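Below: the structure, in structure tokens.
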Amino acid sequence: EEDKPTKDEL
Amino acid sequence: MNIFRLTGDLSHLAAIIILLLKIWKSRSCAGISGKSQILFAMVFTTRYLDLLTAYISLYNTSMKIIYIGCSYATVYLIYAKFKATYDGNHDTFRVEFLVVPVGGLSFLVNHDFSPLEILWTFSIYLEAVAILPQLFMISKTGEAETITTHYLFFLGLYRALYLINWVWRFYFEGFFDMIAIVAGVVQTILYCDFFYLYVTKVLKGKKLSLPA
């Protein structure tokens, strides 16, 4: 799961 | 969080609130594409499902809730409260021509073939083109109220600022998300023609009207 992009943006 | 990201978010928020206030104060949604607003409500709903599964920050959670809440409120004002003022005859863009290809593409090109990820991808692609019914409506009627142009300006500015944010994040954090970047570039390009008219007409005090 590490290479999943984080969804911190809106 | 960098300054471009923050001003981008605030610009997005400004756009949403300008539109809500315009409709509320004038008691009219004339000139506003209800179809674009439904698409934006779909964008926020499918993108922010992670509200239920992940916590990122208070800022993140609050903004998501505000965006979703405002977008549904806008749709409600257009299709229920001020329905009589809705200009459906000019809001004739065929949204299935956007939703169906965007849906297909989000199944084909995504980071991970899982329901939440596909819905997130769908929302990113859909957002890129969700303004088209509104732009189509303006090109059809040949004009837009000045307040509507302010709404469009801030909505376009938001993604343009995100582009700078992504360049920043790539250089300083090594972070990039190709799906968001490509869709964000497309989205920003769609506003370029409008930006030109906004700067050359609206900012000089003229109403936005297109030559017949």
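Taken in order, these protein sequences are the chains called A and B. Okay, so the first sequence: first residue is 1 according to my numbering, each after it adds one. Okay, so the second sequence: first residue is 1001 according to my numbering, each after it adds one. Heads up, the beta-carbon is just placed ideally off N, CA and C, and yes, glycines get one too. Just so it is clear, the structure is predicted and the values come from calculations on it, not from any experiment.
Within 10 angstroms of its Cβ, does residue i collect 16 or more other Cβ (buried), or is it exposed?
i                 : result
Ala1084 (chain B) : exposed
Ala1212 (chain B) : exposed
Gly1088 (chain B) : exposed
Phe1113 (chain B) : exposed
Ala1144 (chain B) : buried
Ala1183 (chain B) : buried
Tyr1162 (chain B) : buried
Asn1060 (chain B) : buried
Leu1108 (chain B) : exposed
Gly1034 (chain B) : buried
Leu1098 (chain B) : buried
Glu1 (chain A)    : Here the model assigns Glu1 (chain A) a pLDDT of 44, short of 50, so the residue's position is not dependable, and the following value carries that caveat. Exposed, because fewer than 16 other Cβ atoms sit within 10 Å of the Cβ of Glu1 (chain A).
Glu1127 (chain B) : buried
Leu1077 (chain B) : buried
Tyr1196 (chain B) : exposed
Ile1189 (chain B) : exposed
Thinking C-beta only, is residue j closer than 9 Å to residue i?
i                 : j                 : result
Phe1040 (chain B) : Thr1074 (chain B) : yes
Asp1009 (chain B) : Tyr1158 (chain B) : yes
Leu1119 (chain B) : Thr1046 (chain B) : yes
Thr1148 (chain B) : Leu1019 (chain B) : yes
Val1202 (chain B) : Phe1153 (chain B) : yes
Ile1032 (chain B) : Tyr1079 (chain B) : no
Glu9 (chain A)    : Asn1165 (chain B) : yes
Phe1044 (chain B) : Trp1168 (chain B) : no
Lys7 (chain A)    : Ile1066 (chain B) : no
Val1140 (chain B) : His1090 (chain B) : Sequence inspection shows Lys at residue 1140 (chain B); the Val mentioned does not correspond to that position. Against a cut-off of 9 Å, the Cβ pair of His1090 (chain B) and Lys1140 (chain B) comes out as a contact.
Which residue's Cα is closest to the Cα of residue i: the options?
i                 : options                                    : result
Ile1068 (chain B) : B:His1012, B:Ile1032, B:Ser1028, B:Lys1022 : B:His1012
Val1129 (chain B) : B:Thr1007, B:Tyr1191, B:Ser1209, B:Gly1031 : B:Tyr1191
Thr1007 (chain B) : B:Leu1208, B:Leu1155, B:Asp1193, B:Tyr1198 : B:Leu1155
Ser1209 (chain B) : B:Gln1187, B:Met1042, B:Leu1135, B:Leu1163 : B:Leu1135
Ser1042 (chain B) : B:Tyr1072, B:Ser1028, B:Leu1058            : According to the sequence provided, residue 1042 (chain B) is Met. The question's Ser does not apply to it. Looking at the Cα atoms, B:Tyr1072 is the closest of the given residues.
Glu1117 (chain B) : B:Leu1126, B:Ser1106, B:Glu1127            : B:Ser1106
Val1199 (chain B) : B:Thr1146, B:Asp1177, B:Arg1027, B:Ile1131 : B:Thr1146
Asp1193 (chain B) : B:Leu1132, B:Ala1030, B:Phe1004            : B:Leu1132
Tyr1151 (chain B) : B:Phe1004, B:Ser1139, B:Ala1014            : B:Ala1014
Phe1122 (chain B) : B:Tyr1048, B:Ile1023, B:Phe1195            : B:Tyr1048
Ile1038 (chain B) : B:Gly1142, B:Arg1094, B:Lys1206, B:Asn1165 : B:Arg1094
Asp1177 (chain B) : B:Glu1096, B:Ala1030, B:Ile1124            : B:Ile1124
Lys1207 (chain B) : B:Ala1160, B:Phe1175, B:Gly1142            : B:Gly1142
List the residues of chain A whose Cβ lies closer than 8 Å to the Cβ of residue i, in chain order.
i                 : result
Lys1064 (chain B) : Leu10
Tyr1067 (chain B) : Leu10
Asn1060 (chain B) : Asp8, Leu10
Asp1050 (chain B) : Lys7
Trp1120 (chain B) : Lys7
Asp1009 (chain B) : Leu10
Can you give the beta carbon distance from residue i to residue j, rounded, assuming they're within the 8 Å contact cut?
i                 : j                 : result
His1111 (chain B) : Ile1179 (chain B) : 7 Å
Phe1082 (chain B) : Ser1036 (chain B) : Not quite, the Cβ-Cβ distance comes to about 16 Å (not below 8 Å), so this is no contact.
Got a sec: does the ligand ATP put a non-hydrogen atom nearer than 8 Å to the Cβ of residue i?
i                 : result
Thr1046 (chain B) : The ligand content of the structure shown is nil, which means the ligand ATP is not present either.
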